[in-house]
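Its first residue numbered 5, the sequence shown is counted upward by one per residue in my numbering.
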Amino acid sequence: RNRHSRTRQASEDVYFSKSEQLKPLKTYVDPHTYEDPNQAVLKFTTEIHPALVTRQKVIGAGEFGEVYKGTLKRGKKEVPVAIKTLKAGYTEKQRVDFLSEAGIMGQFGHHNVIRLEGVVSKNKPFMIITEYMENGALDKFLREKDGEFCVIQLVGMLRGIAAGMNYLAGMNYVHRDLAARNILVNSNLVCKVSDFGLSRVLEDDPEATYTTS
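As structure tokens, this is what we get:
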């Protein structure tokens with residue numbers, strides 16, 4: 005039994021770095037459980053003044069509004085960011101769901117999970133600002149670069165996705181919409197899990213199963 009345990013641990017070591025295995029795990033808190041979801045936004049995100057954000061060009065669109073490539077002024081530097089906006093005419097539920105996604109992302113800190121820079125929630129349009137991923141969504145990226153990557157590169161990308169999902173699972177958190185379209189790729193071929201709109205917290209029952217309709 006001990007031999008099998010060591011073998012299993014060794015196989016896990018291949019996919020997850022030493023620091024990831026030893027890092028103490030927190031437990032995800034669902035922003036929707038707050039009586040006032042704004043409190044979750046205040047607790048888990050950083051408010052950014054809109055004057056520090058510059059939207060440059062539209063790179064996508066979603067349920068809530070358009071997504072831009074832009075810059076965030078940080079001291080004397082301007083760093084590239086992705087900016088998700090909440091469209092005009094939103095309902096109160098859309099506002100809560102939009103900002104709750106930021107409240108979810110703000111709880112995570114992992115190399116293979118998209119990093120939240122902050123939010124604009126006190127001025128309109130509301131914005132969620134994340135790190136910019138140069139190569140965009142994995143599905144489109146692989147179609148455009150079909151046949152250009154060796155096996156080692158592809159395995160490295162898969163390992164990144166697995167590490168990100170392992171981290172989320174360790175926080176008692178389930179994504180519910182893992183797909184290549186929701187994996188973003190940076191200029192170094194690092195893959196990061198994104199899009200937390202459908203995510204849910206895992207129940208206490210370890211045998212529970214989940215489906216996506």
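For each residue, glycine too, the CB sits at the ideal point set by N, CA and C.
Three or more beta-carbon pairs drawn from the segment 48-59 and the segment 125-133 are found closer than 8 Å, and the two stretches are therefore classed as touching.
Under the three-state reduction of DSSP, valine 194 is assigned to coil, being neither helix nor strand. The beta-bridge partner set that DSSP reports for proline 129 is empty.
Nearest C-alpha to alanine 86 among Asp40, Asp143 and Glu121: Glu121. For asparagine 190, the closest alpha carbon among the candidates Asp40, Val117, Lys81 and Asp150 is that of Val117.
In this structure, lysine 196 lies near glycine 168, with their beta-carbon atoms less than 8 Å apart. The way I'd put it, the segment 138-156 doesn't touch the segment 98-117; fewer than three beta-carbon pairs between them come closer than 8 Å. Distance check between valine 33 and each of Ile63, Ile108 and Gly64 places Ile108 closest, using alpha-carbon atoms only. Rounded to the nearest angstrom, the Cβ distance from valine 83 to threonine 75 is 7 Å, consistent with a contact under 8 Å. Judged by DSSP in its simplified three-state form, tyrosine 32 adopts coil rather than helix or strand. The DSSP-derived three-state label of isoleucine 165 is helix. Less than 8 Å separates the beta-carbon of phenylalanine 48 from that of glutamine 111. In the three-state reduction of the DSSP assignment, lysine 47 falls in the helix class, which pools H, G and I. Under the DSSP definition of a beta bridge, proline 54 lacks any partner. Annotation for leucine 90: no alpha helix (DSSP H) segment contains it, and DSSP assigns it neither H nor E.
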